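> With our numbering, letter number 40 in the sequence shown gets 670, and the count goes up by one each step, no holes.
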Amino acid sequence: MKRYDEDETLTRGRAYAEARDWDAPEISVFLPVFNEEPNLRPLHAKLDDALRELGRTAEIIYVDDGSTDGSLAVLRELAQLDGRVRVIALRRNYGQTAAMS
């Protein structure tokens with residue numbers, strides 16, 4: 631196993647930072663969702679207010695954990711309206727722990 635001295639490690643860290651996408655958000659919000667259709671729009675509005683108040687770039691990742699109501703449709707609508715929103719849809723309900731993995 632090769633060992634790196636402190637200067638070499640710092641240089642590699644800088645190279646990694648320089649290679650990253652500079653448009654990457656400063657904040658990522660990750661929310662598991664299961665059958666929350668009536669709550670999603672109000673939640674998103676409050677989250678939007680809080681993120682705007684922070685004044686930082688952000689992404690919002692909703693993970694639909696196999697909802698059987700209209701949650702996924704609402705999430706897709708939010709993604710169309712707000713470019714910060716990403717939606718991950720699981721085929722069935724795996725539970726909160728799996729949805730957050």
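The beta carbon of each residue, even a glycine, is placed where N, CA and C say it ideally should be. Quick caveat: nothing in here was measured; it's all calculated off a predicted structure.
Can you tell me the Cα-Cα spacing of Ser701 and Ile691, whole angstroms?
Walking along the sequence shown from the start, residue 701 turns up at place 71. Walking along the sequence shown from the start, residue 691 turns up at place 61. Taking the straight line joining both Cα atoms gives about 14 Å.
> Taking all protein chains shown into account, decide if Asp694 is buried (16 or more other Cβ within 10 angstroms of its Cβ) or exposed.
Looking up residue 694 in the sequence shown gives position 64. So Asp694 ends up on the buried side.
> Do you know whose CA, among Val717, Ile657, Arg722, lies nearest Glu683's CA?
Here residue 683 is taken as the residue at index 53 of the sequence shown, counted from 1. The option with the nearest alpha carbon to Glu683 is Ile657.
> If distances are taken between C-alpha atoms only, which option among Ala654, Val659, Val663 comes closest to Leu720?
What you label residue 720 is simply residue 90 of the sequence shown in a count that begins at 1. It is Val663.
> Residues in its own chain within less than 6 Å of Leu661 by CB, not counting five upstream and five downstream?
Position 31 of the sequence shown, counted from the first residue, corresponds to residue 661. Within the same chain, Leu661 has close Cβ partners Tyr692.
> In three-state terms, what does DSSP make of Ala709?
Against the sequence shown, residue 709 aligns to sequence position 79. Helix at Ala709.
> Quick one: what's Arg716 bridged to in DSSP?
Here residue 716 is taken as the residue at index 86 of the sequence shown, counted from 1. According to DSSP, Arg716 bridges with Ile691.
> Leu711: buried (16+ other C-beta within 10 angstroms of its C-beta) or exposed?
The residue given as residue 711 occupies position 81 in the sequence shown. Exposed, because fewer than 16 other Cβ atoms sit within 10 Å of the Cβ of Leu711.
> Would you kindly report the start and end of the unbroken beta strand (DSSP E) that includes Pro662?
Against the sequence shown, residue 662 aligns to sequence position 32. It spans 657 to 663 - the beta strand (DSSP E) in which Pro662 sits, taken as one unbroken run.
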